[in-house]
Amino acid sequence: SGQGSGALNSSHVMPDIENPPALTPNDLIYNFARHTVPIVIEEYNLIFFMVAKVASSEWTRFFLRLDGNSKWCSKGRIHDHKQNGLRYLTQYPLEKAQEMMTSPKWTRAIFVRNPK
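If you read the sequence shown in my numbering, its first letter stands for residue 424, the second for the next number, and so on.
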């Protein structure tokens, strides 16, 4: 029957890594309207997706400190993308952001938690 053998059932669709979906200006990861735009750390080819209540303040402080930004230890508005000095995906042209999101040279990361 294929169960437990690692076989895929007919309802499972593998992603088409050769033809990824195109990034658009209205995508959640490219539009600051909902605070879902990932942080970009170019020096390490890293794109990091923040999730509220999953140590996002600590991750923001870590990336600020990694960048040598003195705001890492402040009590101020470290999540304010207009003031914190971090780079975000939406600050790159759409074509460059698309390349960053699909290139094997870039690492994309996210931490999640069990809400229990």
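Idealized CB from N, CA, C, for every residue including glycine. Just so we're clear, the structure is a prediction, and the values are computed from it rather than from any experiment.
field: For R531 and T525, the rounded distance between their alpha carbons
entry: 9 Å
query: Buried or exposed: Q426, going by 16 or more other Cβ atoms within 10 Å of its Cβ?
result: Residue confidence for Q426 is low, a pLDDT of 48 falling below 50, so the modelled location carries little weight; the figure read from the coordinates is stated next. With fewer than 16 Cβ atoms within 10 Å of its Cβ, Q426 is classed as exposed.
Three or more C-beta pairs below 8 Å linking the stretch 453 to 464 and the stretch 499 to 519: yes
field: 6 Å CB neighbourhood of R384 in its chain, flanking five on each side removed
entry: Summary: the structure shown does not reach residue 384, with the chain confined to residues 424 through 539, and so no result is reported for it.
task: Spell out the partners DSSP gives T530 in its beta bridges.
output: L469
- request: Provide the residue(s) that pair with R488 in DSSP beta bridges, ordered along the chain.
  value: Partner(s): none; R488 has no beta bridge.
message: Residues in the same chain with beta-carbon distance under 7 Å from I452, minus the five sequence neighbours each way, listed in chain order, please.
response: T459, V460, P461, L512
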